[in-house]
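Using our numbering, read the sequence shown as starting at 1161 and increasing by one per residue.
Think of the CB as a built atom: it goes at the ideal place given N, C-alpha and C, for glycine as much as any other residue.
The structure appears below as structure tokens.
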Amino acid sequence: MALVNAGVVVLDCAEPEKLAEFYKALLGGEETEATANRVEIRGADGFRMAFRRDVNATPPSWPRPENSLQAHLDFVVEDLDAAERGVVGLGGRPLEAKDAPGPYEERSFADPAGHSFTLRRVASTAPKQG
1161 MALVNAGVVV
1171 LDCAEPEKLA
1181 EFYKALLGGE
1191 ETEATANRVE
1201 IRGADGFRMA
1211 FRRDVNATPP
1221 SWPRPENSLQ
1231 AHLDFVVEDL
1241 DAAERGVVGL
1251 GGRPLEAKDA
1261 PGPYEERSFA
1271 DPAGHSFTLR
1281 RVASTAPKQG
């Protein structure tokens, strides 16, 4: 038996309403709860995130070492180019990082509040048709 139920990824930021809008659009989600200092959303696949107001929030500096990672999110996508255009259109910005080796491709971004996340395309393991 689990000690806890599934949780929620919570990001601190100065403007939770704006950051919730970014992730709602990114995840095809909906707002499930909102208070003066916290907004929670649920993505189309059930993934839950919340955004907590912290007027003194300092964005992470990754990949620079001075403030490093505070949290990191990975999202799986089918088309990296289309996903990148969508992220940038929503207000995200690309981060410079070397491509990771392995059976997938990935690109790193920062959300409008500076939290880093990665879009990752996992190579298909299905046999080729024909």
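- In this structure, the beta-carbon distance from L1240 to E1265 falls below 8 Å.
- Distance between F1235 and G1189, taken at the CA atoms: about 14 Å.
- Residues L1171, C1173, P1176, L1179, A1180, V1199 of the same chain have their beta carbon placed closer than 6 Å to that of F1211, with the five preceding and five following residues left out of the count.
- Taking D1205 as the centre and dropping the five residues before and after it, the same chain places the C-beta of L1187 closer than 8 Å to its C-beta, in chain order.
- By the Cβ-count criterion, G1252 is buried, with 16 or more other Cβ atoms from all chains shown falling within 10 Å of its own Cβ.
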